[in-house]
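Quick note, in the numbering used here, the sequence shown goes up one by one and the last residue is 217.
Worksheet: the structure to be examined is printed underneath.
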Amino acid sequence: MWVTRAASPGVPNATPVPGVRLRSVMEWLVEWWDAAELWLVQLPYPLQVMLVLAVLVPLAWGVGWLIDRGIDALGAKLTRVRDAEPPVGRRDGVAGGRSAG
């Protein structure tokens, strides 16, 4: 819900105040995070460790994979060597639009 400024005699329409909307979303996010954190710290320690590992290990693996592929693709685009090794995952032997051979 947008909070609006009251219309004054010189202003025909009320205008939304976006800062208020952002603040209410941030307040909701902070309250949600506090509730999730409270729930997590009240669990027994072995369950905390298992839950954190179940979330962080796949997340870290995915971010690492994305960074690896992104850097590899960027290196393949910026290389000056035409017969360079194709990016990881490319097994067709085509690098830079030319066939290997």
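We put the beta carbon where it would ideally sit given N, CA and C, even for glycine.
In this structure, how does DSSP classify Pro174 when only helix, strand and coil are distinguished?
helix
Rounding to the nearest angstrom, what Cα-Cα distance links Gln164 and Leu175 in this structure?
17 Å
Pair within 8 Å by beta-carbon distance, Leu167 and Leu154:
no
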